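Q: I am attaching a structure below and will ask some questions about it afterwards.
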Amino acid sequence: MQFRRSILVLAVAGVLAACSDGDAPMAEVPEQSKSESASDEGASVTEAEPVLMTWTDLLSRERPEPTRSMFWGPEEHQVVDVWMPEGDGPHPVVLMVHGGCWQKAIADRTLMNYAAEDLRQRGIAVWNIEYRGVDEEGGGYPGTFIDVTQAAQPLFQVGEQMGFDTSRVVGFGHSAGGHLITWLDARSNLSPDSAAYSNGQVYQMKAVINSGGLADLEASSPVTLDTCLAAIEDKLTGTADDDRPDVYADTSSARLQPGGSRQISVNGTHDRIAPPELGKGFTTRVEDKGGKAQYVEIPDSGHVELISPGTDAWEMQVALIKAALED
557 MQFRRSILVL AVAGVLAACS DGDAPMAEVP EQSKSESASD EGASVTEAEP VLMTWTDLLS
617 RERPEPTRSM FWGPEEHQVV DVWMPEGDGP HPVVLMVHGG CWQKAIADRT LMNYAAEDLR
677 QRGIAVWNIE YRGVDEEGGG YPGTFIDVTQ AAQPLFQVGE QMGFDTSRVV GFGHSAGGHL
737 ITWLDARSNL SPDSAAYSNG QVYQMKAVIN SGGLADLEAS SPVTLDTCLA AIEDKLTGTA
797 DDDRPDVYAD TSSARLQPGG SRQISVNGTH DRIAPPELGK GFTTRVEDKG GKAQYVEIPD
857 SGHVELISPG TDAWEMQVAL IKAALED
């Protein structure tokens with residue numbers, strides 16, 4: 557079994573590497589990510605790049621398992637992993653949304669198991685949802701958006717009975733999940749005519765953390781890897797037609813601001829999937845729309861560090877989660 561698991565880890569890591577900056581050769585590093593300073597003699601000296609984590613670094617760890625998994629519907633993707641702390645509740649909870657470039661071939665919810673277990677050990681429950689990727693039947697627009705909406709609903713409907721304190725919920729989404737969690741928080745601004753409207757559900761959260769996220773689809777598409785967004789964008793947003801000429805109006809989080817919660821964007825200085833300019837730009841967009849927003853940049857960090865317990869990037873986000881839960 558250990559041999560089979562090792563093969564699976566290597567296979568998943570290989571797919572993730574196609575959507576990662578962690579294994580990219582130095583020759584591909586964009587010029588703007590290189591830091592230069594002048595010496596006393598006026599010569600240009602390039603500072604050493606930090607050694608960034610790769611997906612293999614994370615996935616080679618022993619993967620924790622959730623307290624339980626529960627289905628909220630009859631389909632395979634209609635499942636949530638629940639991570640419940642020890643002791644009597646009610647427990648504060650993180651509503652967690654995984655990334656993977658909106659593609660199930662790249663990642664599913666188990667990518668977040670390491671982060672979820674770390675939160676559980678700190679006394680914070682986790683509601684880790686699944687959703688269909690654009691590479692699955694029914695995924696993309698509007699299926700992916702409806703899945704995220706419906707997967708969150710049981711938390712707020714029956715969470716108290718399960719030991720969750722639903723008055724203290726923080727949303728956390730990494731990469732593509734950053735887009736989906738900020739979209740979920742702002743879905744109160746959807747037009748009822750949108751195919752993603754579902755039943756008009758609105759969820760109250762203390763804050764949402766856009767962790768290395770691609771919340772602004774228009775700004776993200778030319779900046780992140782082509783395979784992560786541009787190549788699948790029509791599936792994610794749907795294609796424009798006479799009845800729906802602006803496909804971003806109901807799919808891009810930036811277009812739906814202000815949301816109901818504080819939008820906290822966290823970016824690693826050396827993240828090439830979601831470079832800092834995306835977090836800064838989204839924060840400005842939220843504030844310009846009258847919303848509450850915060851931007852946090854983590855030095856010497858890339859994309860993987862953001863969901864890897866033991867890193868400075870993860871510890872910073874845990875501190876932000878705790879502060880928001882107690883606000």
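Residue numbers (this note's numbering): 557 to 883.
In this text, a Cβ means the ideal position worked out from N, Cα and C, and glycines have one as well.
Just so we're clear, the structure is a prediction, and the values are computed from it rather than from any experiment.
1) Terminal residues of the continuous alpha helix (DSSP H) containing T612?
2) Could you check where the beta strand (DSSP E) with A763 kicks off and where it finishes?
3) Specify, as a first and last residue, the run of the beta strand (DSSP E) that Q819 falls within.
4) Run the CB neighbour count on F627, radius 10 Å, all protein chains shown included, and call it buried at 16 or more, exposed below.
5) How many whole angstroms separate the CB atoms of T839 and S821, which I take to be in contact at a CB cut-off of 8 angstroms?
6) Note the first and the last residue of the continuous alpha helix (DSSP H) segment covering G837.
7) Go through the stretch 720–750 residue by residue and report every complete run of the beta strand (DSSP E) that reaches 3 residues or more, in order.
8) Between which residues of its own chain and P855 is the CB-CB distance below 6 angstroms, once the five residues before and five after are set aside?
9) So, are the CB atoms of L770 and I863 less than 9 angstroms apart?
10) Using the rule of at least 16 other Cβ atoms within 10 Å of the residue's Cβ for burial, across every protein chain shown, is V607 buried or exposed?
11) For the alpha helix (DSSP H) that contains Q706, what are its first and last residues?
12) Does the stretch 701–708 come close enough to the stretch 660–675 to have 3 or more Cβ pairs within less than 8 angstroms?
13) Three or more C-beta pairs under 8 angstroms: does that hold for the stretch 777–792 against the stretch 670–688?
14) With a threshold of 16 other CB atoms inside 10 Å of the CB of T783, please say whether the residue is buried or exposed.
A: On the basis of the supplied data:
1) Mapped onto the sequence shown, residue 612 falls at position 56. First-last of the alpha helix (DSSP H) with T612: W611 to L615.
2) One-based indexing of the sequence shown puts residue 763 at position 207. Counting along the chain, the beta strand (DSSP E) containing A763 begins and ends at A763 to S767.
3) Against the sequence shown, residue 819 aligns to sequence position 263. Start and end: R818 to G824.
4) Counting from 1 along the sequence shown, the entry for residue 627 is found at position 71. Counting Cβ neighbours within 10 Å, F627 comes out exposed, since fewer than 16 surround it.
5) As a position in the sequence shown, residue 839 is number 283, starting the count at 1. As a position in the sequence shown, residue 821 is number 265, starting the count at 1. Confirmed, about 5 angstroms.
6) Here the question's residue 837 lines up with position 281 in the sequence shown. It spans P832 to D844 - the alpha helix (DSSP H) in which G837 sits, taken as one unbroken run.
7) 720–730
8) Counting from 1 along the sequence shown, the entry for residue 855 is found at position 299. For P855, where only same-chain residues beyond five positions count, the Cβ hits under 6 angstroms are T825.
9) For the purposes of this step, residue 770 is identified with residue 214 of the sequence shown, where counting begins at 1. For the purposes of this step, residue 863 is identified with residue 307 of the sequence shown, where counting begins at 1. No; because the gap between Cβ atoms is not below 9 angstroms, this pair is not in contact.
10) Within the sequence shown, numbered from 1, the residue matching residue 607 stands at position 51. Counting Cβ neighbours within 10 Å, V607 comes out exposed, since fewer than 16 surround it.
11) Within the sequence shown, numbered from 1, the residue matching residue 706 stands at position 150. Where Q706 is concerned, the enclosing alpha helix (DSSP H) stretches over G699 to M718.
12) no
13) no
14) As a working note, residue 783 is residue 227 in the sequence shown. With fewer than 16 other Cβ atoms within 10 Å, it is exposed.
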